[in-house]
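> For reference, the structure I am asking about is given below.
Numbering (my numbering), first residue to last: 1 to 163.
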């Protein structure tokens, strides 16, 4: 199968790679770019462990082809922190113990990041609905909701609004 050269901006860095047209984005990120934060879970887009941000949208990278990202901006969990400073959603998950085993956490963080871009001041019900495409088998979700609420408050502060 002939490879196609794609150019993708991943976490602020331009990447030009030759990929097979059938290569899934999750495999491109993990195997070609060594960005292993996004996890391979169900491989059917149901669990959300592989969630990344593409051109301002949450995308399940296990069912998205790498060639579809040619010319796109991709943000992975590795790109959330800024110069060693945790993003508000990362801080929220840490402070509110929004994780247990950690397997779903990268996808949860990426969905929470995009969700708070879409809805900066959500209610608890809106958080539960906005995060509903990402599954966690450990936490019971209460601390995940608290973590997103924490991040929403933190992002409203003048010093972190640009984060």
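By construction, the Cβ of each residue, glycine as well, lies at the ideal position given by its N, Cα and C atoms.
For residue 126, which three-state DSSP category applies?
Helix, per DSSP.
> Can you look up residue 3 in the DSSP assignment and give me helix, strand or coil?
coil
> Let's test the definition: count the other Cβ atoms within 10 Å of the Cβ of residue 18 and tell me whether it reaches 16, buried, or not, exposed.
exposed
> Count the other C-beta atoms from every protein chain shown that fall within 10 angstroms of the C-beta of residue 90, then say buried if there are 16 or more, exposed otherwise.
Looking at its Cβ environment, which holds 16 or more other Cβ atoms inside 10 Å, residue 90 is buried.
> For the region 133 to 147 and the region 42 to 54, state whether three or more C-beta atom pairs, one from each stretch, are separated by less than 8 Å.
Flag = yes, the region 133 to 147 and the region 42 to 54 touch.
> Count the other C-beta atoms from every protein chain shown that fall within 10 angstroms of the C-beta of residue 71, then say buried if there are 16 or more, exposed otherwise.
With fewer than 16 other beta carbons inside 10 angstroms of its own, residue 71 counts as exposed.
> Is it true that the region 60 to 78 meets the region 95 to 102, where meeting means three or more beta-carbon pairs spaced less than 8 Å apart?
no
> Just to confirm, are residue 21 and residue 80 a CB contact at a threshold of 8 Å?
no
> Excluding the 5 residues flanking residue 15 on each side, which residues of the same chain have their C-beta closer than 6 Å to its C-beta?
8
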